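Colleague:
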Amino acid sequence: MEKIVKSLPELMQQVQDRLLQKITQILYRKETQHRIQGAEPTCLALRTLGIFDFGNASLLEFVKSTVLSFLDDPIVNVRQEAALTCCDLLEGHLVQGYQERNGPLPRRYCHANPRVSHGTLEVILGKLLMVAITDIDPSVRTTVLMRFKDTSTFDKRLAQADMLQASFNALNDEAFSVREMAIELVGRLAGLNPAYVLPA
Numbered sequence: 002m003e004k005i006v007k008s009l010p011e012l013m014q015q016v017q018d019r020l021l022q023k024i025t026q027i028l029y030r031k032e033t034q035h036r037i038q039g040a041e042p043t044c045l046a047l048r049t050l051g052i053f054d055f056g057n058a059s060l061l062e063f064v065k066s067t068v069l070s071f072l073d074d075p076i077v078n079v080r081q082e083a084a085l086t087c088c089d090l091l092e093g094h095l096v097q098g099y100q101e102r103n104g105p106l107p108r109r110y111c112h113a114n115p116r117v118s119h120g121t122l123e124v125i126l127g128k129l130l131m132v133a134i135t136d137i138d139p140s141v142r143t144t145v146l147m148r149f150k151d152t153s154t155f156d157k158r159l160a161q162a163d164m165l166q167a168s169f170n171a172l173n174d175e176a177f178s179v180r181e182m183a184i185e186l187v188g189r190l191a192g193l194n195p196a197y198v199l200p201a
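Using this note's numbering, the first residue of the sequence shown is number 2, and each one after it goes up by one.
1) Contact between the segment 166-179 and the segment 135-149: three or more CB pairs below 8 Å?
2) Pull up the distance between the alpha-carbon of D73 and that of Q14, whole angstroms please.
3) Do D156 and R180 come within 8 Å of each other at the CB atom, strictly closer than that value?
4) How about Q17 and G51: are their beta carbons less than 8 Å apart?
5) Rounded to whole angstroms, what's the CA-CA distance from I125 to Q166? Just pull it up for me.
6) Any idea if E82 is buried or exposed, counting beta-carbon neighbours within 10 angstroms, 16 or more meaning buried?
7) Could you have a look at G56 and say whether DSSP puts it in helix, strand or coil?
8) Leaving out five residues on either side along the sequence, give the residues of the same chain with a beta carbon under 7 Å from the beta carbon of M147.
9) For R48, collect the residues of the same chain with a Cβ closer than 8 Å to its Cβ; drop the 5 residues on either side in sequence, then sort them by chain order.
10) Please classify I137 as buried or exposed, where buried requires at least 16 other C-beta atoms within 10 Å of its C-beta.
11) Determine the DSSP secondary structure at S66, reduced to helix, strand or coil.
12) How about F149 and L159: do their beta carbons lie closer than 8 Å?
13) Start and end of the alpha helix (DSSP H) containing G127?
14) If you drop the 5 nearest sequence neighbours on each side, which residues of the same chain put their C-beta closer than 7 Å to that of I27?
15) Can you give me the C-alpha to C-alpha distance between A58 and L95, rounded to a whole angstrom?
16) Can you find the residues in the same chain that come closer than 8 Å, C-beta to C-beta, to P195, ignoring five residues on each side of it along the sequence?
17) If L20 and L61 are in contact, beta carbons under 8 Å, what's the gap, nearest whole angstrom?
18) Sorted by chain position, which residues of the same chain lie with C-beta nearer than 6 Å to A191's C-beta, five sequence neighbours on each side aside?
19) So what does DSSP say about S140, is it helix, strand or coil?
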């Protein structure tokens, strides 16, 4: 799809609109979709939503109203894709520090929408952090913490007292991979809120 759009840029808007419409249809029909076709269409829709360039479209309200519900899906792959999609789209709106890691920002990251409320950002990030602590599958917990660890984009928000307090719970996780990621993450966040990071 991206190759087609690059070859025929005049179709960009049409492709973006139709693709977003199709993704929305798939995600809104998740119950019947799971029963008839399994989880693959849902996973593909979530993955596409996270990686495709939708231009100026602000997708965080859609993430809050629709994608967050997939973090509670009974299927592990769906929860994992939903978490990655939330991280991708949230990072696109919190671009500070992104250039340090990846060079020039992709065009889709240049449109952080000032109309997106601070509350929406906090709800999405808070839900992701809860998934990193409470998801029943360690691979999902590890995936979210790895994304937090691998980017400094979320650091200012994760270093807030309530977020740090929640992060401390991951230090006692049953899975070694989760504890390892949590130690690295909290260690880095200590530089932003040293008074709150106490030995655990």
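Glycine included, every Cβ here is placed at the ideal spot set by N, Cα and C.
On a predicted model such as this, the values are computed, not experimentally measured, just so you know.
Modeller: Walking through what the data contain:
1) yes
2) Position 72 of the sequence shown, counted from the first residue, corresponds to residue 73. Position 13 of the sequence shown, counted from the first residue, corresponds to residue 14. Each residue's Cα considered, the two are about 32 Å apart.
3) Locating residue 180 in the sequence shown gives position 179, counting from the first residue. Locating residue 156 in the sequence shown gives position 155, counting from the first residue. Contact flag unset, no.
4) Locating residue 17 in the sequence shown gives position 16, where the first residue counts as 1. Locating residue 51 in the sequence shown gives position 50, where the first residue counts as 1. Not in contact: Q17 and G51 (Cβ atoms no closer than 8 Å).
5) Along the sequence shown, read from residue 1 onward, the residue named residue 125 stands at position 124. Along the sequence shown, read from residue 1 onward, the residue named residue 166 stands at position 165. Taking the straight line joining both Cα atoms gives about 17 Å.
6) The sequence position of residue 82 within the sequence shown is 81, counting from 1. The C-beta of E82 has 16 or more other C-beta atoms within 10 Å across all chains shown, which makes the residue buried.
7) As a working note, residue 56 is residue 55 in the sequence shown. Correct three-state label for G56: coil.
8) Indexing the sequence shown from 1 puts residue 147 at position 146. Cβ within range, chain order: M182.
9) Residue 48 sits at position 47 when you count from the first residue of the sequence shown. Here the set comprises E82, L85 and T86.
10) Position 136 of the sequence shown holds residue 137. Exposed, because fewer than 16 other Cβ atoms sit within 10 Å of the Cβ of I137.
11) Numbered from 1 along the sequence shown, position 65 holds the residue referred to as residue 66. Helix at S66.
12) As a first step, residue 149 is located in the sequence shown; it is residue number 148 there, counting from the start. As a first step, residue 159 is located in the sequence shown; it is residue number 158 there, counting from the start. When the beta-carbon positions are compared, F149 and L159 come within less than 8 Å of each other.
13) Here residue 127 refers to the residue found at position 126 of the sequence shown. Element bounds for G127: H119 to T135.
14) By one-based count along the sequence shown, residue 27 stands at place 26. Cβ neighbours of I27 beyond the five flanking positions: Q34, P42, T43 and A46.
15) Locating residue 58 in the sequence shown gives position 57, counting from the first residue. Locating residue 95 in the sequence shown gives position 94, counting from the first residue. Straight-line Cα distance between these residues: approximately 15 Å.
16) Within the sequence shown, the letter at position 194 stands for residue 195. Answer for P195: no residue qualifies.
17) Walking along the sequence shown from the start, residue 20 turns up at place 19. Walking along the sequence shown from the start, residue 61 turns up at place 60. That pair is no contact at about 18 Å.
18) Position 190 of the sequence shown, counting from 1, holds the residue named residue 191. Cβ neighbours of A191 beyond the five flanking positions: V198.
19) Against the sequence shown, residue 140 aligns to sequence position 139. Helix at S140.
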